[in-house]
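If you count the sequence shown from 1, you need to add 469 to reach my numbering.
Every residue gets a Cβ at the ideal spot worked out from N, C-alpha and C, and that includes glycine.
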Amino acid sequence: MKVVGTRRRTDLAAGLAPETALRRAALLQAQAERLNPYPRPRGFVFKARTWEDYARWRLAQSNPRLW
Numbered sequence: 470m471k472v473v474g475t476r477r478r479t480d481l482a483a484g485l486a487p488e489t490a491l492r493r494a495a496l497l498q499a500q501a502e503r504l505n506p507y508p509r510p511r512g513f514v515f516k517a518r519t520w521e522d523y524a525r526w527r528l529a530q531s532n533p534r535l536w
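Shown next as C-alpha cells:
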C-alpha cells in the first residue's frame, strides 16, 4: 500500500484521550437525538410474506429509522 503524506487531524481530535473522545461522542449523539424529529422506535419485528410486501411497507413508513 502506498501512502503519500500524513493523515490530517483536526485540532479538536489531536491529543485527546480515548475516554475524552468517547465522552464527547456520547454528548454529540445525545444532542443529535434531541434534534431528530423522529422518535427512536421500540424494537419490533416486521415479517413480510414477499419482498414486494416489504417494499410496500417501507414506502408507507414516514419514520426513516424503521428501516
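C-alpha distance - residue i paired with residue j, whole-angstrom precision
i, j, result
"alanine 495", "threonine 489", "10 angstroms"
"alanine 517", "valine 472", "47 angstroms"
"proline 533", "tryptophan 520", "18 angstroms"
"proline 508", "proline 487", "30 angstroms"
"arginine 476", "arginine 492", "23 angstroms"
Original post:
Does the region 494-505 come close enough to the region 515-529 to have 3 or more Cβ pairs within less than 8 angstroms?
Top reply: no
**OP:** For the region 510-535, list the alpha helix (DSSP H) runs that are entirely contained and at least 4 residues long, ordered along the chain.
**Re:** 520-529
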